[in-house]
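Asks: Mind having a look at this structure? Questions to follow.
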Amino acid sequence: MRESQKPQGGRSSGWWCYDWIEKRGVEMIEVTKLNGVKVLVNPHLFEVVEETPDTVITLTTGKKIIVKESRQEIKNLVILYRKGIFAD
């Protein structure tokens with residue numbers, strides 16, 4: 468993430484996590500919501516990924532996220548994420 472794109476604020480604002488993620492490497496995967504907003508999600512919280520025809524990610528918390536990526540793309544992102552974990 469470029470410096471100009473980083474949200475401003477300290478730990479109290481909750482934006483400290485961006486620096487933490489960058490220092491630790493890939494800790495989450497990036498997906499794109501239907502409105503074009505990119506978000507980071509923790510793949511350990513995925514319960515179900517289904518295409519209905521939009522791709523819906525259901526988290527263990529019950530929250531659902533509708534994304535532009537296909538089910539296969541999400542699967543590939545999770546595989547890459549897990550390979551990164553075990554490579555360390």
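For what it's worth, my numbering labels the leading residue of the sequence shown as 468, then goes sequentially. Where a beta carbon is used, it is the ideal one built from N, C-alpha and C, also for glycine. The structure displayed is predicted, hence computed values, not measured ones.
What is the DSSP secondary structure of Pro520, reduced to helix, strand or coil?
Replies: Reduced to three states, the DSSP call for Pro520 is coil.
Asks: Please classify Pro510 as buried or exposed, where buried requires at least 16 other C-beta atoms within 10 Å of its C-beta.
Replies: Under this definition Pro510 is a buried residue.
Asks: Using the C-alpha atoms, what's the distance from Ala554 back to Val530?
Replies: The sequence as given places Lys at residue 530; Val does not occur at that position. The alpha-carbon atoms of Lys530 and Ala554 are separated by roughly 30 Å.
Asks: Given Leu512, which residues of its chain have a CB within under 7 Å of its CB, disregarding the five upstream and five downstream residues?
Replies: So the qualifying residues of the chain are Leu526, Thr527 and Thr528.
Asks: Excluding the 5 residues preceding and the 5 following Arg538 in the sequence, name in chain order all residues of the same chain whose CB lies nearer than 8 Å to its CB.
Replies: Excluding residues within five positions, the ones whose Cβ falls inside 8 Å are Val516, Glu517, Glu518 and Thr522.
Asks: Mark Ile541 as exposed unless 16 or more other C-beta atoms lie within 10 angstroms of its C-beta, in which case mark it buried.
Replies: Answer is buried; the Cβ neighbour count reaches 16.
Asks: Using a 10 Å radius around the Cβ and a threshold of 16 neighbouring Cβ atoms, would you call Val504 buried or exposed?
Replies: Its Cβ having fewer than 16 others within 10 Å, Val504 is exposed.
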